[in-house]
Amino acid sequence: MKIELKEISKSFGPVAANTKINLSVSSGEVLGLLGENGAGKTTLMNILTGLYQPDSGQILIRDQERKFYNPRDAIKNGIGMVHQHFMLVPVFSVSENVILGNEPITNVNRINKKEAREEVLKISSKYNLDVDPDELVERLPVGVQQRVEIIKILFREAELLIFDEPTAVLTPQEVLDFFRIVSNLKKSGKAIIFITHKLHEVIQICDRINVLRRGEMVGEANPKKTSNSELAELMVGRSVNLKTKRPKINRGKVLLETKNLQVMSNKKEMGLSNINLKLHENEILGIAGVQGNGQTEFIEALTGLRKISSGEISYFDKRYTNLSPRKIHKMGIKHIPEDRQKQGLINEFSIIENVVLNTYYEDAFSNNISLNWNSAKSEAARVMKQFDVRASSETIPANNLSGGNQQKLVIGREMSRKINLLIASQPTRGVDVGSIEYIHSQIISARNAGIGILLNSTELEEIIALSDRIIVFFEGKIVAELSSNTDPQIIGMAMAGVVN
Amino acid sequence: QVTDLGGVDDKSFNETAWKGVQDAVAKHGIDSKILESKDGTDYEPHLNSMVGAGCDIIVAVGFLMGEATQKAAEANPDSMFTIIDFAYNPTIPNVLGQVFATDQAAFLAGYVSAGVSKTGIVGTFGGINIPPVTGFMDGFAWGVSHYNKVKGKNVQVLGWDPAAKEGLFTNNFDSLDDGRAFAQNLYDEGADIVMPVAGPVGLGSASLADELGSDKLKIIGVDGDWTVTDPARKGVYLTSVMKNMDATTLSVIEMAKSGNFSGGLTVGTLENGGVGIAPYHELSSSVSSDLASEVEALRKGIISGSIKMN
Amino acid sequence: MKNSIKIKQAFSVDRTTFQDIFFIPILAISLAISLGLLLLLLTGESYQTALTALIALFVGSFGSVSALSETLTAATPLIFAALGIAIGFRAGLFNIGAEGQIIVGGLAAVIIGFSVELPLMLHLTLMLSVGAAFGAGYAFISGWLKAFTGAHEVITTIMLNLIAFRLLDFFLRLPFIQKEGRNDPISKSVLDTAELPRLLVLIDPNLRIHAGFLLAILAVILVYWIIFHTTIGFEFRMVGTNLNAAKYAGVNSSLTIVLAMSAAGLCAGLAGASQISGVLGRATSGFSAGIGFDAIAVALLGRAHPIGVLFSGILFGALVAGGREMQVSAGVSLDLITVIQALIIIFVAAPILVKSIFPWFFGKK
Amino acid sequence: MRKFALSKQTMNIARTQSSLISGSFLILLAILVFMLFGFGVEGEATFRLSRPSDPYALPNLVLPAESFIGIASLTIAFFGARLIVKAPKEYSVIFAISFFLAIATFLVWATAGKSFSLTGMLQATVVRAVPIALAAMAGIMCERVAVINIGIEGMMLAGAFAGAFFGSIFGSVLGLLIAIAVGGIFGLMLALLVVTFRVDQIIAGVAINILVLGLTSFFTSHLLKKNPHLNDTAVFKSIQIPILADLPIIGPMLFRHNIFVYLAILIVFSTTFYLFKTAYGLRARAVGEHPKAAETLGISVIKTRFINVIIGGMIAGFGGAWFTLGSVGRFDEGMTGGRGFIGLAAMIFGRWHPVGALLAALVFGFADSLQQKLAILRTPIPSEFLAMAPYIVTIIVVAGIVGSARPPQAIGKAYIKEN
Ligand SMILES: Nc1ncnc2c1ncn2[C@@H]1O[C@H](COP(=O)(O)OP(=O)(O)OP(=O)(O)O)[C@@H](O)[C@H]1O
Ligand SMILES: Nc1ncnc2c1ncn2[C@@H]1O[C@H](COP(=O)(O)OP(=O)(O)OP(=O)(O)O)[C@@H](O)[C@H]1O
Ligand SMILES: [Mg+2]
Ligand SMILES: [Mg+2]
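Residue numbers (the numbering used here), protein chains in the order written: chain A, 1 to 500; chain B, 1001 to 1310; chain C, 2001 to 2365; chain D, 3001 to 3419.
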């Protein structure tokens, strides 16, 4: 079968997420969809799966026009999608998640649990996606959760499977498994759309590649012939240097040291065990690892957001454990949180208020009782100028800023006051390439200025590009400490817990 | 008229007084206004706006309004007030307090109940622990013990101890459901006659009796004759301890009209008919003729003072 | 129900547009009143009555000096309590417990009022501050439970209200508090030195408006300053809008929650105290008269902004005073006012609804 | 995986610690109980188990106060000790027993030298629990789809009014149906406000409470007072289940009630079935936990929320009707007296599970009927404090449970559907 999108346009208020996009995919082929953050990939797919309605344009299946008013319609037409952020109910079992919405029912709408189990087992053996139907989803590792998502789609007899950045959360090993699954599906005659930022991946498994930029379809490429740099240029619209330059300089004295750090995770399990590391001045220490292997807990522990159950941290040779976030911040340890929306900023607050979010109590802005908004305002103006935060005025609420500018605002706030140590978590997540270059250069120059930097990122490329040294987290432990010019494959292995 | 908590249709307290006003309206074609109090703070502004509305005489219904009425009266010496259930001393020239010796009537009710009760246990409960309420309960309890004395029986009263001034109270005048629950409670403890002294709350008790049947549980009404005011359940009312506020209120209004109103105090008693007990109506069969005549004798005795209630 | 409620989107007046601040409330009010009158007609009242009622509503609230005095008298405790609730909202707390806090505060105040002997100013200050302190203390319980056990303040405050009613009845019977020679729940009367002076004695000693109203206006200014110009106020708003960010920014959220709740209780306590000292002169059971609940509506209508609270407080005061006149001259029951109040809350909280009813007032959206 | 192994072990550590705490807590309880009640009691506590009228009358349960209290407190202490030395699996059971003993002790102390009808109290417990349980069910229906319903109190009040008013006109059966419908209408209103207009859920609930209070009071004074016959309906008489009703204790407790009690129990179990066994239940819970996921599977979040909230409203309306049609046959202003709120607490106590909520409701019902008995027994405790019991229980429960209970994840959040 053949699915076509013709002249699809969609905008959210001012933002034109998609403009006049054409695209087609047919059974037995894998279509790669490339595009930087915010290019419109997810939006386009949400339209194809009936989650959004297009402003204009049409969807053709086997050359007949179809209208999808809700996901139910898309599903009935054999279209299914594995979303960027998994759509699973954590407290439901695997089989409950699979059948949800199309439950096999007996009398009085009663769920037929037995049939449900069997269905799941049947599918998982057919495409060898092995899962336990009765396990609660919240207890499964990400890789397995992804399998559940796939089974969900197959259970609905989808002919077209859409994967939105499926590899972002996987270890290189899991990525290989995933590719194997994809080729199985392809063999069994399914059509597949594969969304990603990662150039080598599309080249590896796609039959055709489409590239989106700022909501427009800017080109088509043939994986056999094209190259990384060519695709990158298509994506960004200008030649980008994929390598950030990092002048050699020798590192200073030890800034931060942890000894046998132990921390509980939210599930009251031991989240971190025996973390030992040293961070020096003039050094960028990269933390590599697949999401959910303890990086978050580690950083929360360092910044006082999470209780340390044993072990110790020393900073400038002074021991500190379980200090309040404020004390730690005062000591010049600044933190760029991994989620700017949830932690770094208060969306409803003005830029001014956000600029003094964690420094309002300092003498510069208050006399311990009342706040001095004027000085806060000028500080805001300064930060916006110095870190090129683009906004109409400092009084607009933060959620009127684009992702990149929000991130620059946070970074500016943290880097523009007394700072010896910067803990940067996902500093470029969901930020356009332009801003990425800028942020990277800021981090490098900070390091050159003598600041020690702890960089946590799930983007291996970023880690390799910036770090002087790399440590790898796996299941709450440091499983490897590597130099920055280690072969990515080895780092990948380590991220999967495989170390020799 | 300014009502107390409980609303004008409480089939009891406020309603009876309001009836008095209505009678006056009917009889003399004067006109009347009413303000219902929702809570303690309403009293004073309500009285004021009544004065503001140019009423000649203002009927304040309820003990709880004593303070407010006093204030209002002193602030407006030239308008006339009458308050039910409150006695000032020293009296105020432009306020006529109406109080009722309800214990006298309740005494009779207690005596009847003791005589009628098969289980030898009778019960009562009140709204809140204030004299106008406990007056009923005192009289009721004394009536029972008088019966025990003369008959050498041992009928118990649940829910009120006149000596300790403690007993069973719903702490509200509007949760009928409590009325039912409290009656059920007393019934479980063996009582087969209950006198609820909590305005409309008593109707809840009545509906229980109605369901159980009057052979299992009988109710004694208060303030008005409930057999008349609540015909739907007339089968369950043994009698009612009446406080004829309508009559007294009417006469006060007439005094005011004919210009011979004077502040002070009137006490409603068995003697002047200000209080009394209602006929046994439906349940007269369960009251033996000699019991009835004993009660009548008691009434005379109390009036003549030959019988001490406690 | 932990981590559930986000009251924020309902109001952050500092950014809402002119339309939202003025049109919505005004439309909401007129809509509510007209619906109220419609209801009146539905129950078979004549247009005549409805009209008289409407007129009475205005005459009784603003029609004369005494009407105005009644309006402001009724507004005073509402403003105090609503300020407290507004502070709570800003900190993401929904304080339904103002009623109980008023009771506790008022009770404490009345005890000071009759038991200690001091010169006027001292006595007043002591009485009011003790009332405030007890209100704060009572609210502290909910705050603490919320911060350290996660018990939802909505449930706990409701329960503490019910408990407060019982406590009041109990205390009013204690020989030390109960008025001599009475055995119904009523306290001794406060001494003259503990009565907030009436403001318009010169015009007519019966005008009940008292110095408490001036205090209320002071409180409005103070609370405005606290919320928008102090560090603690900033912390309140951070915790109320985005708890995670607040924690990240080093705010001690538990402490902040407890403080905010106590501050709310403090205002409510003041409401109770000023009511005792300025209007009632003594405590009876049920002296709180639902002020604490009306105050919720006032705070919502005022969009948790002190200035807004001032005006909506006066509006609700007017409804009370006007409602009384309405019952006297049109025989319409006060409950109609309650209905109107509820409708106002709904319309104010659902601007989309109002906009869809009066599209032409707003640029098409 | 290794992770889980680790967790198991840490769990055990946590386990022993908590058992230490709870053990010493029990011992404290024992001491407290003994201190409070152990001294200066003599005579026997007599609990009447059946009325003279009952077919199979049981003898009274007579307990020698002093020795009973002694033994009971010793037992509690023993349990405490046992918890400390070794943490047994069934320690929730041990807790239950200990608390039961503590309460029993209190009763014996209060009754020493007097007597009261235990059966009567238990029966009252069930009756007083009914509206609370129904309120809780209404709450569960709404919160399972992530809609907080503070308005239950109001919905019940509306149901009570409708029951009385229409019951007086059309007879109690039709009255009941209309009461349910009215509850449903206010459910619809809540759904409209929070789902469609995205009003803050709590504000909407509070508004509904005030609105209904106003409306019912207004109609009372403008309709019912003018024509009392509109406020005078027949109540549902109690139905004795043959045989079962004659059983001692159990009979009066469970099988001598009016349809409200039986239907309430039915509702509890059908809610359980609906939520945990049916497809719609699964969808409803999905909508409460992860609406977006539900949406992607073609489950209409909006529609699901409407349906469930409306059903919740109808249950509340039914619960409200109990006050008039099931109890006194007459409406009076504010007669629901806060049961709706206690119901919400029961819901949390019962961890959003219908059966759990039912048990919680029974606890409150017990506290309530206990308080009335004590008022008759005339204990030294002032009646006001007895009346507080249910509320204090509520607070303790909410404070104690919330930490461990896990509400539906999307609760309180409006769902915004872009398209
Ligand atoms: N629901 C929405 N409301 C408003 N704007 C939106 C919404 N969804 C997407 N957008 C905007 O539309 C544009 C395209 O977003 P989209 O998520 O499709 O990009 P993407 O290619 O998937 O990015 P990423 O690689 O980060 O997933 C972005 O500017 C985004 O901000
Ligand atoms: N009683 C209910 N409780 C909860 N949700 C309901 C209920 N009834 C319908 N819904 C929701 O309304 C939506 C439509 O339901 P409906 O049963 O009409 O869909 P359907 O096409 O029949 O689904 P299916 O084909 O799976 O039976 C479903 O998403 C369902 O979640
Ligand atoms: Mg995307
Ligand atoms: Mg179907």
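Each residue gets a CB set at the ideal place from its N, CA and C atoms; glycine is no exception.
For glutamate 103/A, the C-beta contacts it makes with chain D under 7 Å involve Ala3279, Leu3282, in order along the chain.
Residues of chain C whose Cβ lies closer than 7 Å to the Cβ of histidine 1146/B do not exist; the shortest such Cβ separation is about 24 Å. Not one beta carbon of chain A lies nearer than 7 Å to the beta carbon of tyrosine 2047/C. Around the beta carbon of leucine 3032/D, fewer than 16 other beta carbons sit within 10 angstroms, so the residue counts as exposed. Within the stretch 2301-2352 of chain C, the complete alpha helix (DSSP H) runs of at least 4 residues fall at 2306-2330, 2335-2349. Under DSSP, isoleucine 79/A shares a beta bridge with Leu160/A. A Cβ of chain A is located within less than 7 Å of the beta carbon of threonine 3296/D. Contact check for glycine 2036/C against valine 2339/C passes: the beta carbons are separated by less than 7 Å.
Using a C-beta cut-off of 8 Å, the stretch 104-112 of chain A makes no contact with the stretch 3293-3306 of chain D, since fewer than three inter-stretch Cβ pairs fall below that distance. Taking a contact to require three or more Cβ pairs closer than 8 Å, the stretch 1014-1023 of chain B and the stretch 1241-1254 of chain B qualify as touching.
Glycine 3317/D and alanine 1206/B have their C-alpha atoms some 25 Å from each other. Per the DSSP secondary-structure output, proline 3380/D pairs with nothing in a beta bridge. For phenylalanine 3341/D, the residues of chain C that pass the 8 Å Cβ criterion are Ile2155, Ile2158, Met2159, in the order they occur in the chain. A Cβ-Cβ separation of about 6 Å places asparagine 3149/D in contact with glycine 3139/D under the 8 Å criterion. Inclusion of valine 355/A and valine 389/A in the CB contact set at 7 Å is not warranted, their separation being larger than that value. Three or more beta-carbon pairs separated by less than 8 Å link the stretch 2117-2133 of chain C to the stretch 2194-2206 of chain C, which places the two stretches in contact. Taking the Cα of alanine 3414/D as reference, the smallest distance to any Cα among Phe3306/D, Ala3207/D, Gly3113/D is reached at Phe3306/D. No Cβ of chain B is located within less than 7 Å of the beta carbon of glycine 3175/D.
Around aspartate 339/A, the same chain offers no residue with a beta carbon nearer than 7 Å, after the five sequence neighbours per side are excluded. Put simply, the stretch 3281-3291 of chain D does not touch the stretch 3099-3119 of chain D. Fewer than three CB pairs are less than 8 Å apart. Beta-bridge annotation (DSSP): leucine 3134/D is not paired with any residue. Between glycine 332/A and isoleucine 463/A, the C-beta spacing is not below 7 Å.
7 Å or more divides the Cβ of isoleucine 328/A from the Cβ of alanine 424/A. Shown here, glycine 434/A sits in a helix according to DSSP, grouped into three states.
Around the beta carbon of serine 2115/C, fewer than 16 other beta carbons lie within 10 angstroms, which makes this residue exposed. Each of Ala1017/B, Leu1212/B, Ala1292/B was checked against the Cα of glycine 1110/B, and the nearest Cα belongs to Ala1292/B.
As summarised for the stretch 126-185 of chain A, the continuous beta strand (DSSP E) elements at least 3 residues long and confined to that stretch are 160-164, given in chain order. Interface annotation, alanine 3346/D: not in contact with chain A, CB-CB separation never under 7 Å.
In terms of CA proximity to proline 1162/B, Phe1140/B leads the group Phe1140/B, Trp1226/B, Thr1227/B. Cα atoms of serine 310/A and isoleucine 299/A: separation of roughly 15 Å, rounded to the nearest angstrom. At the C-beta level, valine 3145/D and valine 3287/D come within 7 Å of one another.
Distance from the Cα of proline 166/A is smallest, within the candidate group Val144/A, Lys330/A, Leu60/A, for Val144/A.
At a Cβ-Cβ threshold of 7 Å, serine 3217/D and glutamate 3333/D count as neighbours. Identification of chain C residues near lysine 342/A by a Cβ-Cβ cut-off of 8 Å yields Asn2242, Asn2244, Ala2245, ordered along the chain. Closest by C-alpha distance to leucine 100/A, out of Glu3295/D, Gln3240/D, Pro3131/D, is Glu3295/D.
Taking 7 Å as the Cβ-Cβ cut-off, the stretch 2214-2234 of chain C approaches chain A at His2229, Thr2230, Thr2231, Phe2234, given in chain order.
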